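The block underneath contains the structure these notes are about, expressed in structure tokens.
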Amino acid sequence: PLAGVLRPALLAAARSPKAERAITRVPATKSLVDRFVAGTSTPDAVAATRDVLSTGRFVTIDHLGEDVTDAQQATANVEHYLDLLDALSAISDAAAVTRPTEISLKLSALGQSLPRDGHKVALENARTLCTAAEAAGAWVTVDAEDHTTTDSTLSIVAELREDFPSLGTVLQAYLKRTEADCAELSWSRIRLCKGAYREPASVAHQGAAVDEAYVRCLRVLMNGTGYPMVATHDPAMIAAATRLALAAGRTTRDFEFQMLHGIRDAEQRTLVADNHRLRVYLPYGDQWYGYFMRRLAERPANLAFFLRAVAGS
Ligand code: FDA
Numbered sequence: 002p003l004a005g006v007l008r009p010a011l012l013a014a015a016r017s018p019k020a021e022r023a024i025t026r027v028p029a030t031k032s033l034v035d036r037f038v039a040g041t042s043t044p045d046a047v048a049a050t051r052d053v054l055s056t057g058r059f060v061t062i063d064h065l066g067e068d069v070t071d072a073q074q075a076t077a078n079v080e081h082y083l084d085l086l087d088a089l090s091a092i093s094d095a096a097a098v099t100r101p102t103e104i105s106l107k108l109s110a111l112g113q114s115l116p117r118d119g120h121k122v123a124l125e126n127a128r129t130l131c132t133a134a135e136a137a138g139a140w141v142t143v144d145a146e147d148h149t150t151t152d153s154t155l156s157i158v159a160e161l162r163e164d165f166p167s168l169g170t171v172l173q174a175y176l177k178r179t180e181a182d183c184a185e186l187s188w189s190r191i192r193l194c195k196g197a198y199r200e201p202a203s204v205a206h207q208g209a210a211v212d213e214a215y216v217r218c219l220r221v222l223m224n225g226t227g228y229p230m231v232a233t234h235d236p237a238m239i240a241a242a243t244r245l246a247l248a249a250g251r252t253t254r255d256f257e258f259q260m261l262h263g264i265r266d267a268e269q270r271t272l273v274a275d276n277h278r279l280r281v282y283l284p285y286g287d288q289w290y291g292y293f294m295r296r297l298a299e300r301p302a303n304l305a306f307f308l309r310a311v312a313g314s
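Laid out in structure tokens, this is it:
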């Protein structure tokens, strides 16, 4: 019940510049952020990538940032990714033996919400990154943000897939539209997650209905011809994915699990030991605020830890 009040409040704070100023000023915040974020620089991201790859897990790297308000910020974000791809090409050869290393992009970090031509700016910036990723032997997956962006995001992905068919995208099971999107896109590389934003009941399932929708979407993706990427820490969803993959005649090589850096590390290793593919979502950079607040909203235990740290600082 407490989480029912806190979760919307934290997700609202995730979008508030005032809350951002207050929370990033608390000294104790940083130590908790370090649990979820793999450093700030390209060398930090590369070092963390090497660590993950050495444990038999795969990696998808996110340069933190979202909701840019001018084109220069969007260009700066493109440059961060280009720098990262440059550094990754040196290590992706070995990792690509089974599955390539991947970058995850948020189109709002590439200019999607700019007032006049945001859609076009984000499309061209994403195209630049798809081209560079292809040259570096890396995969690209486009993250899903709040529901007001879904149409624009899926249309940018569709356009880019004409040139880059391996481009992946994220679908959020909590959105009522997603079962139909899964059916339409089940030929492709799709990361299915529950969804991390605060969404109204008019567009999104709430509570237990999200898990039911997740399983329905999984069934559609597993029965398709594409490559499902099962992004969840939830044991019930992991069990459902394993069961549905088997029923659809897939081996453990025909789909993968994905979890966030710093969350359920032991479970990640167990899945690898059980012959599953597991990819770690590795965020880095100094724009960690929105990402961090969504993680707090997901898990009251993280919030309690945070509040204790704040009280002690
Ligand atoms: P949920 O948070 O509902 O937890 C269910 C159960 O899982 C818990 O009851 C517990 O048993 C277990 N569990 C969860 N966390 C645990 C922990 N720390 N320790 C122990 N047990 C734990 N969202 C989005 O909107 N757009 C996106 O692009 C992405 N991308 C993305 C990529 C990847 C790789 C992941 C893993 C997730 C995302 N997400 C996302 C976030 C996603 O939508 C969702 O908010 C979180 O993954 C939390 O949902 P879960 O499915 O993990 O379970």
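Residues 2 to 314 in the UniProt record's numbering are what the sequence shown lists, from first letter to last.
Think of the CB as a built atom: it goes at the ideal place given N, C-alpha and C, for glycine as much as any other residue.
These figures come from a predicted structure and were not determined experimentally.
- Residue 280 has 59 and 259 as its beta-bridge partners, per DSSP.
- Residue 309 has its alpha-carbon roughly 42 angstroms from the corresponding atom of residue 223.
- By the criterion of at least three beta-carbon pairs nearer than 8 angstroms, the segment 290 to 301 is in contact with the segment 8 to 20.
- Around residue 281, the same chain offers 53, 58, 60 and 262 as residues with beta carbons nearer than 6 angstroms, after the five sequence neighbours per side are excluded.
- Each residue's CA atom was taken as its position, placing residue 211 and residue 101 some 30 angstroms apart.
- Here residue 41 is near residue 287, since their CB atoms are less than 7 angstroms apart.
- Per DSSP, reduced to three states, the secondary structure at residue 81 is helical.
- Here the alpha carbon of residue 162 sits roughly 23 angstroms from the alpha carbon of residue 258.
- Inclusion of residue 197 and residue 206 in the CB contact set at 7 angstroms is not warranted, their separation being larger than that value.
- Taking C-beta atoms as the reference points, residue 187 and residue 227 count as a pair closer than 7 angstroms.
- Pairing residue 68 with residue 109 gives a Cβ-Cβ distance under 7 angstroms.
- Looking from the CA of residue 126, the closest CA among 89, 80, 199 and 304 belongs to 80.
- Residue 265 has its Cβ nearer than 6 angstroms to a heavy atom of the ligand FDA.
- In this structure, residue 292 has its CB at a distance of at least 6 angstroms from all heavy atoms of the ligand FDA.
- In the three-state reduction of the DSSP assignment, residue 92 falls in the helix class.
- In the three-state scheme derived from DSSP, where H, G and I count as helix and E and B as strand, residue 7 is classed as helix.
- Residue 225 has its alpha-carbon roughly 27 angstroms from the corresponding atom of residue 270.
- Here the distance from the Cβ of residue 142 to the nearest heavy atom of the ligand FDA is not below 6 angstroms.
- The segment 170 to 184 makes no contact with the segment 110 to 125, as fewer than three CB pairs between them are under 8 angstroms.
- At least one heavy atom of the ligand FDA falls within 6 angstroms of the beta-carbon of residue 145.
- With contacts defined as CB atoms closer than 7 angstroms, residue 218 and residue 179 qualify as a contacting pair.
- Look at residue 195: its beta carbon is less than 6 angstroms from one of the heavy atoms in the ligand FDA.
- Counting along the chain, residue 173 sits inside the beta strand (DSSP E) bounded by residues 169 to 173.
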